[in-house]
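**Q** In the working numbering, the protein residues as written are 100 to 315. Just so it is clear, CB atoms sit at the ideal spot from N, CA and C, and this is done for glycine as well. Have a look at this one before I ask anything.
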Ligand SMILES: [Zn+2]
């Protein structure tokens with residue numbers, strides 16, 4: 100089965116993807132990883148990509164499509180892919196449709212983790228790390244207490260890049276760009292919307308049940 104996973108920043112998409120990879124023996128594809136690999140392997144395409152990124156420009160759909168073609172044509176990954184953060188626009192989605200057909204595969208389902216904006220903002224902005232022991236807390240959802248943390252609160256620090264503006268921008272960009280893609284998959288009857296508000300293990304259970312029903 101091939102799966103596409105969508106979720107706004109802070110919705111726990113990465114964690115769910117990692118669990119699914121293990122549980123269903125899938126191979127995770129993120130375009131960020133593909134681009135980095137290509138650059139690190141110093142391929143001809145990788146050198147081109149490096150120049151584009153160094154100039155602060157966006158990598159074209161053509162390049163992304165080439166990288167995805169390499170994956171879909173690779174027998175090693177046949178019908179066991181989970182796409183994370185891809186496709187990013189309708190053109191990429193349409194191209195992905197062509198490619199999966201060409202390589203005799205299909206998109207089995209599209210999962211979208213839905214979490215209210217206010218909750219995501221609290222999740223991200225509330226994140227605290229203990230500079231002494233490295234444990235991670237959240238001042239709204241999982242505060243440091245006497246019972247779960249012996250260092251006390253004086254070592255807790257917030258990540259410096261987690262300012263309101265950056266997060267709101269990331270969220271807005273996600274919502275604006277992703278909604279049309281979700282609509283596209285809804286029309287193809289592939290979209291499953293998951294309430295991403297629950298606990299990680301509950302969400303995983305829900306997603307696993309959907310995937311298991313597809314395998315049956
Ligand atoms: Zn600590």
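Have a look at residue 112 and residue 172 and give me their C-alpha separation to the nearest angstrom.
**A** Numbered from its first residue, the chain shown carries residue 112 at position 13. Numbered from its first residue, the chain shown carries residue 172 at position 73. One C-alpha to the other measures close to 26 Å.
**Q** Please report the distance separating the alpha-carbon of residue 204 from that of residue 170.
**A** Residue numbering aside, residue 204 sits at position 105 when the chain shown is read from its first letter. Residue numbering aside, residue 170 sits at position 71 when the chain shown is read from its first letter. Each residue's alpha carbon lies about 12 Å from the other.
**Q** Indicate, with yes or no, if ligand 1 has a heavy atom lying under 7 Å from the CB of residue 257.
**A** To locate residue 257, count along the chain shown from 1; it is residue 158. No, Cβ of residue 257 sits at least 7 Å from all heavy atoms of ligand 1.
**Q** Ligand 1: which residues have Cβ under 6 Å from any of its heavy atoms, chain order?
**A** Qualifying residues come out as 229, 231, 232, 234, 248, 250, 254.
**Q** Taking all protein chains shown into account, do 16 or more other C-beta atoms lie within 10 angstroms of the C-beta of residue 240, making it buried, or fewer, making it exposed?
**A** Numbered from 1 along the chain shown, position 141 holds the residue referred to as residue 240. Exposed.
**Q** Would you decide whether residue 122 is buried or exposed? Buried here means 16 or more other CB atoms lie within 10 Å of its CB.
**A** Residue mapping note: residue 122 aligns to position 23 of the chain shown, counting from 1. Looking at its Cβ environment, which holds fewer than 16 other Cβ atoms inside 10 Å, residue 122 is exposed.
**Q** Can you tell me whether residue 153 is buried or exposed, with buried defined as 16 or more other CB within 10 angstroms of its CB?
**A** On the chain shown, residue 153 is found 54 positions in, with the first residue counted as 1. With fewer than 16 other Cβ atoms within 10 Å, it is exposed.
**Q** Classify residue 115: buried if its beta carbon has 16 or more other beta carbons within 10 angstroms, exposed otherwise.
**A** Locating residue 115 in the chain shown gives position 16, where the first residue counts as 1. Residue 115 is buried by the Cβ-count criterion.
**Q** For residue 209, count neighbouring Cβ atoms within 10 angstroms of its own Cβ and tell me buried if that reaches 16, exposed if not.
**A** Within the chain shown, the letter at position 110 stands for residue 209. Buried.
**Q** Mapping the DSSP letters down to three states, classify residue 215 as helix, strand or coil.
**A** In the chain shown, counting from the first residue as 1, residue 215 sits at position 116. Residue 215 falls in the coil class under three-state DSSP.
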